[in-house]
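Undergrad:
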Amino acid sequence: MEFLEPAFMQRALIAALLVGITAPAVGVYLVQRRQALMGDGIGHVAMTGVGLGFLLNSSPVWMATLVAVAGSVAMELIRAYGKTRGDLALALLFYGGMAGGVLLINLSPTGSNANLTSYLFGSLTTVSPEDVTAISVLAAFVVLVTVGLRRRLFAVSQDEEFARVTGLPVRALNLLIAVTAAVTVTVAMRVVGLLLVSALMVVPVAAAQQLTRSFRATFAGAVLIGVVVSLSGTLTTYYVEAPPGATIVLYAIGVFVLLTLLATPLARRRARAAEAEAADPAACDVRVPAGRRPGDDARV
Amino acid sequence: MDREPAATPVISVRGAAAALGARPVLRGVDLTVHRGEVVALLGANGSGKSTAVRSVIGQVPLTGGTIELFGTEQKRFRDWARVGYVPQRTTAASGVPATVREVVTSGRLSRRRFGRLAKADRAAVERAIALVGLADRAGGPVDALSGGQHQRVLIARALASEPELLIMDEPMAGVDLASQEVLASTLREQVAGGATVLLVLHELGPLEPLIDRAVVLRDGCVVHDGPPPEAVGQHALPGHDHVHPHAAGEPLRTGLLS
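Protein sequence lines, in the order shown, are assigned to chains C and S.
For the first sequence, the numbering used here begins at 1 and goes up steadily by one.
For the second sequence, the numbering used here begins at 1001 and goes up steadily by one.
1. Excluding the 5 residues flanking residue 223 of chain C on each side, which residues of the same chain have their C-beta closer than 8 Å to its C-beta?
2. Using the C-alpha atoms, what's the distance from residue 1217 of chain S back to residue 1042 of chain S?
3. Among S:1058, S:1210, S:1143 and S:1050, which residue has its Cα nearest to the Cα of residue 1268 of chain S?
4. Return the chain-ordered list of same chain residues with a C-beta closer than 6 Å to the C-beta of residue 29 of chain C, the five sequence neighbours on each side being excluded.
5. Beta carbon of residue 1065 of chain S, beta carbon of residue 1013 of chain S: below 9 Å?
6. Using the Cα positions of residue 179 of chain C and residue 1053 of chain S, report the straight-line distance between them to the nearest angstrom.
7. Whether or not the segment 1060-1075 of chain S and the segment 1123-1135 of chain S are in contact is what I'm after, with contact meaning three or more pairs of Cβ atoms, one per stretch, closer than 8 Å; do they touch?
8. By the three-class DSSP mapping on this structure, what secondary structure does residue 229 of chain C have?
9. Find the residues of chain S that neighbour residue 256 of chain C, judging by a C-beta separation of less than 8 Å, and give them in chain order.
10. Establish whether the CB of residue 217 of chain C and some CB of chain S are separated by less than 9 Å.
11. Alpha carbon to alpha carbon, what distance is there between residue 167 of chain C and residue 1015 of chain S?
12. Between the segment 1130-1150 of chain S and chain C, which residues of the former have a C-beta closer than 8 Å to a C-beta of the latter?
13. Please compile the residues from chain S whose C-beta is within a distance smaller than 7 Å of the C-beta of residue 126 of chain C.
14. Mind checking the segment 156-177 of chain C against chain S and listing, in chain order, the residues whose C-beta falls within less than 8 Å of any C-beta there?
15. Along chain S, which residues have their Cβ under 8 Å away from the Cβ of residue 151 of chain C?
16. Output yes or no for whether 9 Å exceeds the beta carbon distance between residue 1110 of chain S and residue 1080 of chain S.
17. Distance, Cα to Cα, residue 227 of chain C vs residue 149 of chain C?
18. What does residue 1194 of chain S touch in chain C if you count any residue whose Cβ is under 9 Å from its own?
19. Could you name the residues of chain C that residue 1095 of chain S contacts, counting a contact when the two beta carbons are closer than 7 Å?
20. Interface residues of chain C around residue 1083 of chain S at Cβ under 8 Å?
21. With 16 as the cutoff for other CB atoms within 10 Å, does residue 1090 of chain S come out buried or exposed?
22. Residues of chain C with CB under 9 Å from residue 1087 of chain S, in chain order?
23. Could you tell me which chain C residues have their CB closer than 8 Å to the CB of residue 1078 of chain S, listed as they occur along the chain?
24. Where does residue 1036 of chain S sit, in a helix, a strand or coil, going by DSSP?
25. Is residue 11 of chain C buried or exposed, if buried means 16 or more other CB atoms sit within 10 Å of its CB?
26. For residue 1207 of chain S, which three-state DSSP category applies?
27. Alpha carbon to alpha carbon, how far is residue 248 of chain C from residue 155 of chain C?
28. For the candidate residues C:225, C:103 and C:187, whose alpha-carbon lies nearest to that of residue 52 of chain C?
29. Give the straight-line distance between the Cα atoms of residue 43 of chain C and residue 197 of chain C, rounded to the nearest whole angstrom.
30. Output yes if chain C places a C-beta closer than 9 Å to the C-beta of residue 1032 of chain S; else output no.
31. Please classify residue 87 of chain C as buried or exposed, where buried requires at least 16 other C-beta atoms within 10 Å of its C-beta.
32. Which residues in chain C have a C-beta closer than 8 Å to the C-beta of residue 1102 of chain S? List them in chain order.
33. Please check if any C-beta of chain C sits within less than 9 Å of the C-beta of residue 1057 of chain S.
34. Nearest by alpha-carbon distance to residue 125 of chain C: which of C:201, C:67 and C:243 is it?
35. Going by C-alpha distance, which of S:1195, S:1186, S:1088 and S:1184 is nearest residue 161 of chain C?
36. For residue 174 of chain C, count neighbouring Cβ atoms within 10 angstroms of its own Cβ and tell me buried if that reaches 16, exposed if not.
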């Protein structure tokens, strides 16, 4: 356990653990809503926050949180109320955020492109004690929301119109998902980097659902995969000179491929079982309801 | 909360007008549904029947007229657990796998706005699943179900809150015969238990014996409100016109391809 010796490594592993938990926990709802790329968009917007943090000489993590939350709320409002082309409005927001970040960081006296790279692709060795505090607080919020409100968030993500008719506060819950996703992006920013955040939200969910049949199992499986890949990716970078974000994401994709290969025989077995059930002669004995009157006078 | 007098209509729509974009879809629709009634909303595609039910549940804003639910103005109505809604869907699945039980549990949230589900809530969910004959599939994934079974899941979800009023938008669309039978008997039990039902139908079909009254819409106006029109079409063969006697002159096209 010599990798636990250096303090920077302890901080890195704590950050990686929290990212591994939170990113898939939010991602599962985004995938359910078919907004798998939302995290990517928020990541771009958060760039402006990082740049602003450097320019104002305040914490880039908190600044990024602020700007990402504002951006995600804007995205959700565009999605909900936008009557024009939503994808174009979102594209404006994405690239505006990215360009703003690059510009601001170059304007600031302390910022440099090297700094920018650490936010874009993640850099575990530079995770500061303050970063760990910020990440822990934010991660606690994400876990509280995604686990505590799971049934409501499931209902809203599953069928928005039905959720409104059951009287759930759909607008507030949608905004909450958007804000939680934004917070998660900034949690994960230091570890996997803004450009790869979305992968850690989506890939573990995609991998888990190769095997699972319920939402509950998908949620748990995705979080488990997220934790395993982010911890093992972080450890890898201790021994090998490699960027943590890219390593973690490639591990996640490796797990996805592995589980997909495993799932093929499993799916075949389930299909055979279903077939055997359908071959049951009792299932073919269907009584046709006598709804129509026999006296037909249809004009054809 | 005060119980409204028994004579208060469950649904009362007066002069409802609604538009989708610039096109008027409802043009002064009156619709009253009394307690215990089963009312079918019929009409061709584009006649406004779906818009009419969606305006009743507040999903389409009115440009004129009023809607009352259980005697309360719809905008102020909050007691949504009393309403079970079955939207027009072909699937109960979403981007992530979910079991039948998980989907149906969503329907119970109107009874339990905050906090955890109690034992009684779980029991209600199991009852709703059993009512539509999917008890043996409750723990199975919805994406393994047939089209008719998806519809049964959506109906179970509406029944999970034990509603007094069921609003269904084309519950028979794309449903196989076995599921049609199950749906008809489920509905029969609900009606026997005192439920009020408003359902949008393309044609009366196997639900015909249950229906007390039919309201026929055409171009956003009510053209018939009374006993269900005699079913005279042969079957729902593709391209086959059902000619309803109330629509003298131009036949009301309700065939699958019309």
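Heads up, the beta-carbon is just placed ideally off N, CA and C, and yes, glycines get one too.
Note that this is a predicted model, so its numbers are computed, not measured.
TA: Inspection of the coordinates gives the following:
1. Only 20, 21, 24, 25 and 204 meet the Cβ criterion.
2. Taking the straight line joining both Cα atoms gives about 6 Å.
3. Residue 1268 of chain S lies beyond the range of chain S shown here (1001 to 1258); nothing can be said about it.
4. So the qualifying residues of the chain are 153, 157 and 177.
5. In this structure, residue 1013 of chain S lies closer than 9 Å to residue 1065 of chain S by Cβ.
6. Taking the straight line from one Cα to the other gives about 33 Å.
7. Taking 8 Å as the limit for Cβ pairs, the verdict is that the segment 1060-1075 of chain S does not touch the segment 1123-1135 of chain S.
8. Under the three-state reduction of DSSP output, residue 229 of chain C falls in the helix class.
9. Identification of chain S residues near residue 256 of chain C by a Cβ-Cβ cut-off of 8 Å yields none; the smallest Cβ-Cβ distance measures about 15 Å.
10. Closer than 9 Å to some Cβ of chain S, the Cβ of residue 217 of chain C qualifies, so yes.
11. Near 25 Å, if we compare the C-alpha coordinates of residue 167 of chain C and residue 1015 of chain S.
12. Per Cβ criterion, the list reads 1139, 1140, 1141 and 1144.
13. Residues of chain S passing the Cβ test: none, with the nearest at roughly 35 Å.
14. Using a CB distance below 8 Å, the part of the segment 156-177 of chain C facing chain S consists of 157, 158, 159, 161, 162, 163, 164, 165, 166, 167 and 168, ordered along the chain.
15. In chain order: 1105, 1106, 1109 and 1117.
16. It is a contact, given that the beta carbons lie within the stated cut-off.
17. Looking at the backbone, the Cα of residue 227 of chain C and that of residue 149 of chain C are separated by about 21 Å.
18. Going along chain C, no residue has its Cβ under 9 Å from residue 1194 of chain S, so there is no contact; the nearest lies around 21 Å.
19. Within chain C, the residues near residue 1095 of chain S are 31, 32, 33 and 34.
20. What residue 1083 of chain S touches in chain C: 165.
21. It is exposed - the Cβ of residue 1090 of chain S has fewer than 16 other Cβ atoms within 10 Å.
22. In chain order: 159, 161, 162 and 165.
23. Within chain C, 167 have C-beta atoms less than 8 Å from the C-beta of residue 1078 of chain S, given in sequence order.
24. DSSP, reduced to helix, strand and coil, places residue 1036 of chain S outside both helices and strands of the structure shown, so it counts as coil.
25. Within a 10 Å sphere around the beta-carbon of residue 11 of chain C sit 16 or more other beta-carbons, which makes this residue buried.
26. Here residue 1207 of chain S sits in helix by DSSP.
27. Between residue 248 of chain C and residue 155 of chain C, the C-alpha separation is close to 31 Å.
28. That would be C:103, whose Cα lies nearest to the Cα of residue 52 of chain C.
29. Rounded to whole angstroms, the gap between the alpha carbons of residue 43 of chain C and residue 197 of chain C is 7 Å.
30. By this cut-off, residue 1032 of chain S is not an interface position.
31. Exposed, by the Cβ-count rule.
32. Per Cβ cutoff of 8 Å: 154, 214, 215 and 216.
33. Residue-level contact by beta carbon holds for residue 1057 of chain S and chain C, with a gap shorter than 9 Å.
34. The shortest C-alpha to C-alpha distance from residue 125 of chain C to any of C:201, C:67 and C:243 is the one to C:243.
35. It is S:1088 whose Cα lies nearest to the Cα of residue 161 of chain C.
36. Counting C-beta atoms within 10 angstroms of its own C-beta, residue 174 of chain C has 16 or more neighbours from the protein chains shown and is therefore classed as buried.
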